[in-house]
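A.B. asks: Here this note's numbering is used: the first residue of the sequence shown is 47, the next is one more, and so on.
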Amino acid sequence: MRTEEVTDGSRLSAATRFELLVGVSNAIGTHRDPQELFGALVRELHRVVRFDYIGVYIRDEKSNTFHRHSMDAETEAAIPPDPELAMEESDAWWVYQNQEPLVTSLEAQEAGFSKLQEVLKKYGVSCLCTLPLTTAHSKVGTLAFASKAPDVYTVEEVHFLTLVAEQIALAFDNALLFDAAQASQQQLLKKNERVGLLLELTNHVGFPISSSVIFSEP
47 MRTEEVTDGS
57 RLSAATRFEL
67 LVGVSNAIGT
77 HRDPQELFGA
87 LVRELHRVVR
97 FDYIGVYIRD
107 EKSNTFHRHS
117 MDAETEAAIP
127 PDPELAMEES
137 DAWWVYQNQE
147 PLVTSLEAQE
157 AGFSKLQEVL
167 KKYGVSCLCT
177 LPLTTAHSKV
187 GTLAFASKAP
197 DVYTVEEVHF
207 LTLVAEQIAL
217 AFDNALLFDA
227 AQASQQQLLK
237 KNERVGLLLE
247 LTNHVGFPIS
257 SSVIFSEP
């Protein structure tokens, strides 16, 4: 579903949008790979939100960096990060630090976001709404919706998008936890394989060692 189809959908009643949001949440909640989840967002969110571009910044606590994913909603083509826009100068950084939604537009000329506005102009974006992706126990990252049409992200719309962001934060948090659990499992399997080889080698040279002792080591 494309942006022009959502124009009518944006006039749906609040009850209908909430019902559709539940369906979107259920659809994206089945994904356990963060990259697949992002692709699903583009397809599913057009049922309830109007946007021409979408982006997520996911915090990587280990490397103290953000994994950035941005996409053109019409073509579903990935948009690479702009090398001229440092993370600290972006809307995503401000939203992550302050944990508040932020609406940016070309007309407003917000101080401190001049480079960001240059990027918006490059892609023909009139307004941008960035929201924190946060759960009860984790600051996951940020979510951004961009529209070529002006004045799309009103106060009322931002309230609704906050609910959308809450659902997406939970979906990404679950996917990241699953990903971390899978990685830990793989590390454990590799460790057990190495210990098994050590045990086999030790027995082969005539110095048997109890496997229970080996596997109890950290």
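Note that beta-carbon positions come from the ideal geometry of N, C-alpha and C, so glycine has one too.
Just list the residues that DSSP pairs residue 187 with in beta bridges.
C.D. replies: By 1-based counting over the sequence shown, the position of residue 187 is 141. 104 and 179.
A.B. asks: How about residue 148 and residue 166: do their beta carbons lie closer than 8 Å?
C.D. replies: On the sequence shown, residue 148 is found 102 positions in, with the first residue counted as 1. On the sequence shown, residue 166 is found 120 positions in, with the first residue counted as 1. Not closer than 8 Å, so no.
A.B. asks: For residue 215, which residues of its own chain have a beta-carbon under 7 Å away from its beta-carbon, when the five flanking residues on both sides are left out?
C.D. replies: Numbered from its first residue, the sequence shown carries residue 215 at position 169. Only 179, 180, 181 and 186 meet the Cβ criterion.
A.B. asks: Name the DSSP beta bridge partners of residue 150, please?
C.D. replies: The residue labelled residue 150 in the question sits at position 104 within the sequence shown. 174.
A.B. asks: Grab me the residues of residue 219's own chain with a C-beta within less than 6 Å of its C-beta, minus the 5 sequence neighbours each way, in chain order.
C.D. replies: Against the sequence shown, residue 219 aligns to sequence position 173. Only 181, 184 and 186 meet the Cβ criterion.
A.B. asks: Which one of 139, 194, 72 and 103 has the shortest CA to CA distance from residue 90?
C.D. replies: For the purposes of this step, residue 90 is taken as residue 44 along the sequence shown, with counting starting at 1. Residue 72 is the option with its Cα nearest to residue 90.
A.B. asks: For residue 118, report the span of its beta strand (DSSP E) as first-last.
C.D. replies: For this step, residue 118 is matched to residue 72 along the sequence shown. 111-118 is the span of the beta strand (DSSP E), which, as asked, contains residue 118.
A.B. asks: So, for residue 103: in the same chain, excluding its five sequence neighbours on each side, which residues have a beta-carbon less than 6 Å away from its beta-carbon?
C.D. replies: To locate residue 103, count along the sequence shown from 1; it is residue 57. Same-chain partners within the cutoff: 112, 114, 138, 187 and 188.
A.B. asks: Verify whether the separation of the beta carbon atoms of residue 99 and residue 171 is less than 8 Å.
C.D. replies: Indexing the sequence shown from 1 puts residue 99 at position 53. Indexing the sequence shown from 1 puts residue 171 at position 125. Yes, Cβ-Cβ distance for residue 99 and residue 171 is below 8 Å.
A.B. asks: Measuring CA to CA, which of 222, 221 and 209 is closest to residue 68?
C.D. replies: As a position in the sequence shown, residue 68 is number 22, starting the count at 1. When only C-alpha atoms are compared, the closest one is 209.
A.B. asks: Please classify residue 59 as buried or exposed, where buried requires at least 16 other C-beta atoms within 10 Å of its C-beta.
C.D. replies: The sequence position of residue 59 within the sequence shown is 13, counting from 1. Result: exposed.
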